[in-house]
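A.B. asks: Quick one: the structure is below, questions incoming.
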Amino acid sequence: MSWEQEYHVLTTAIREAGAEALRLATDGFQIYTKPDDSPVTSADHAVNVILMDRLLGQFPHDGWLSEETPDTDARLTKPRVWVIDPIDGTKAFIRHEPEYCISVALLEGTQPVLAAIFNPSTNELYTAIRGQGLHLNGAPAPRHESEDGQLPTIALSPWELHAGRFKSIESHMTSRPMRSIAWALAQTARGTIHGVITFEPENEWDVAAGTLLLEEAGGSAHDGAGQPLRYNQPLPRFGGFIATVQGFPDHLTAQVRQLPRSAR
Numbered sequence: 002m003s004w005e006q007e008y009h010v011l012t013t014a015i016r017e018a019g020a021e022a023l024r025l026a027t028d029g030f031q032i033y034t035k036p037d038d039s040p041v042t043s044a045d046h047a048v049n050v051i052l053m054d055r056l057l058g059q060f061p062h063d064g065w066l067s068e069e070t071p072d073t074d075a076r077l078t079k080p081r082v083w084v085i086d087p088i089d090g091t092k093a094f095i096r097h098e099p100e101y102c103i104s105v106a107l108l109e110g111t112q113p114v115l116a117a118i119f120n121p122s123t124n125e126l127y128t129a130i131r132g133q134g135l136h137l138n139g140a141p142a143p144r145h146e147s148e149d150g151q152l153p154t155i156a157l158s159p160w161e162l163h164a165g166r167f168k169s170i171e172s173h174m175t176s177r178p179m180r181s182i183a184w185a186l187a188q189t190a191r192g193t194i195h196g197v198i199t200f201e202p203e204n205e206w207d208v209a210a211g212t213l214l215l216e217e218a219g220g221s222a223h224d225g226a227g228q229p230l231r232y233n234q235p236l237p238r239f240g241g242f243i244a245t246v247q248g249f250p251d252h253l254t255a256q257v258r259q260l261p262r263s264a265r
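Just so it is clear: in the sequence shown, position 25 is 26 by this note's numbering, and no numbers are missing.
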């Protein structure tokens, strides 16, 4: 399949949703607290409504998994499922920092076949259709090439950095605090940074789109134990996440997999 119709519907919808997020960022938005004490805003909800209306309006037989929609078992019987994070990096959005994004993937079976990650603040729309490479704003995405001898730059969660989880490998890399894992994956696919590592649980909507972007750029992603990722699971969550660019040092990958899984 080419997924061209889905691509056009998705890119139009995600830009519309991004425009609404920017409008709310300027005009004002409400902040709420979820049961897990994480923040959510009226912008998260508005983006979710737009995407659901546009995507399921065009493809009503598809399943739906979104951070801002109550999950049901209905998606488990669907051959295709949209996986949505309306705003990944909500804390960055609240602070008006340009490290948040809208993340959307279309699954067929257990794998993403179409993906888009859009940063409204920078007007960068990364897209991928399986087998067709990584694109930025509709054109093949140019890759940033690392200089010889440069330490790899890895996006890490601020909490894990503070807890010292990566202390044993810090001398082998340059760490970068991660505000949004989806945006970090887009930057990894582009080659701006070289990997994303966390041993904290990650939901499918956090990483589904970024996984395909990275794979189409030649990189790879696995769960925290180094196992392949399978999406649309009854519990849509991975026990950690490791994503790296093509050519990432094998010795550093091996060291990462030996790190303790708990720093609490």
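Even glycine gets a Cβ: it sits at the ideal position worked out from N, Cα and C.
For the beta strand (DSSP E) that contains Asp-86, what are its first and last residues?
C.D. replies: Unbroken beta strand (DSSP E) run through Asp-86: 81 to 89.
A.B. asks: Residues in its own chain within less than 8 Å of Ile-88 by CB, not counting five upstream and five downstream?
C.D. replies: Ala-22, Thr-42, Ala-44, Asp-45, Val-48, Phe-94, Tyr-101, Cys-102 and Ile-103.
A.B. asks: Taking the alpha-carbon of Glu-201 as reference, which of Leu-214, Ala-142, Asp-63 and Asp-224 has the nearest alpha-carbon?
C.D. replies: The option with the nearest alpha carbon to Glu-201 is Asp-224.
A.B. asks: Return helix, strand or coil for Phe-1, following the three-state DSSP convention.
C.D. replies: The structure shown has nothing for residue 1, since the chain only spans 2 to 265.
A.B. asks: Would you mind listing the alpha helix (DSSP H) stretches within the region 173 to 212 that are 4+ residues and don't spill past its ends, in chain order?
C.D. replies: DSSP runs (the alpha helix (DSSP H)) wholly in the region 173 to 212: 182 to 191.
A.B. asks: Rounded to a whole number of angstroms, what is the C-alpha to C-alpha distance between Gly-134 and Val-208?
C.D. replies: Each residue's Cα considered, the two are about 18 Å apart.
A.B. asks: If you draw a straight line from the C-alpha of His-195 to the C-alpha of Ser-122, how long is it?
C.D. replies: Between His-195 and Ser-122, the C-alpha separation is close to 23 Å.
A.B. asks: Could you name each continuous beta strand (DSSP E) segment of 3 residues or more that falls completely within the region 216 to 257, going from the start of the chain to the end?
C.D. replies: Taking only runs of at least 3 residues, the beta strand (DSSP E) segments lying wholly in the region 216 to 257 are 221 to 224 and 242 to 245.
A.B. asks: Return no unless some Cβ of chain D is closer than 8 Å to the Cβ of Ile-182.
C.D. replies: Going by chain labels, chain D is absent from the structure shown, which holds only one protein chain.
A.B. asks: What number of angstroms, rounded off, separates the C-alpha of Leu-126 from the C-alpha of Thr-245?
C.D. replies: If you take the alpha carbons of Leu-126 and Thr-245, they lie about 20 Å apart.
A.B. asks: If we count the other Cβ atoms within 10 Å of its Cβ and call it buried at 16 or more, is Thr-27 buried or exposed?
C.D. replies: Result: exposed.
A.B. asks: Give the DSSP bridge partners of Thr-42, in chain order.
C.D. replies: Per DSSP, Ile-32.
A.B. asks: Got a sec, what are the start and stop residues for the alpha helix (DSSP H) Trp-160 sits in?
C.D. replies: It spans 159 to 164 - the alpha helix (DSSP H) in which Trp-160 sits, taken as one unbroken run.
A.B. asks: Going by beta-carbon coordinates alone, are Leu-115 and Tyr-8 separated by less than 8 Å?
C.D. replies: Their beta carbons are under 8 Å apart, which means Leu-115 touches Tyr-8 by this criterion.
A.B. asks: Pull up the distance between the alpha-carbon of Gly-64 and that of Pro-80, whole angstroms please.
C.D. replies: Cα to Cα, Gly-64 sits roughly 8 Å from Pro-80.
A.B. asks: Quick check: the Cα distance between Ser-158 and Ala-75, rounded to an integer number of angstroms?
C.D. replies: Straight-line Cα distance between these residues: approximately 32 Å.
A.B. asks: Following the continuous beta strand (DSSP E) through Ser-67, name the residue where it begins and the one where it ends.
C.D. replies: Per DSSP, Ser-67 belongs to the beta strand (DSSP E) from 64 to 67.
A.B. asks: So, at 6 Å on beta carbons, what are the nonlocal neighbours of Arg-180 in its own chain, with the 5 sequence-adjacent residues on each side left out?
C.D. replies: Excluding sequence neighbours, Arg-180 sits near Gly-90, Ala-93 and Glu-100.
A.B. asks: Between the alpha carbons of Gln-112 and Gly-132, how many angstroms are there, rounded?
C.D. replies: Taking the straight line joining both Cα atoms gives about 13 Å.
A.B. asks: Give the straight-line distance between the Cα atoms of Ser-221 and Leu-215, rounded to the nearest whole angstrom.
C.D. replies: Computed Cα separation, rounded: 6 Å.
A.B. asks: Flag this pair as yes or no: are the beta carbons of Phe-249 and Thr-199 separated by less than 8 Å?
C.D. replies: No, these two residues do not count as a Cβ contact at 8 Å.
A.B. asks: Under a three-way DSSP split, which group does Thr-154 fall into?
C.D. replies: Strand.
A.B. asks: Beta-carbon within less than 8 Å of Leu-253's beta-carbon, same chain only, minus the 5 sequence neighbours each way: which residues are those?
C.D. replies: Cβ within range, chain order: Pro-153, Ile-170, His-173 and Met-174.
A.B. asks: Can you tell me which of the three DSSP states Phe-167 falls into?
C.D. replies: If DSSP states are grouped into helix, strand and coil, Phe-167 belongs with coil.
A.B. asks: DSSP three-state label for Ala-142, please.
C.D. replies: Here Ala-142 sits in coil by DSSP.
A.B. asks: Tell me whether Thr-34 is buried or exposed, calling it buried when 16 or more other Cβ atoms sit within 10 Å of its Cβ.
C.D. replies: With fewer than 16 Cβ atoms within 10 Å of its Cβ, Thr-34 is classed as exposed.
A.B. asks: Starting from the Cα of Asp-227, find the closest Cα among Leu-52, Asp-86, Gln-256 and Asn-204 and give me that residue.
C.D. replies: Strictly speaking, residue 227 in this sequence is Gly, with Asp absent from that position. Of Leu-52, Asp-86, Gln-256 and Asn-204, the residue nearest in Cα terms is Gln-256.
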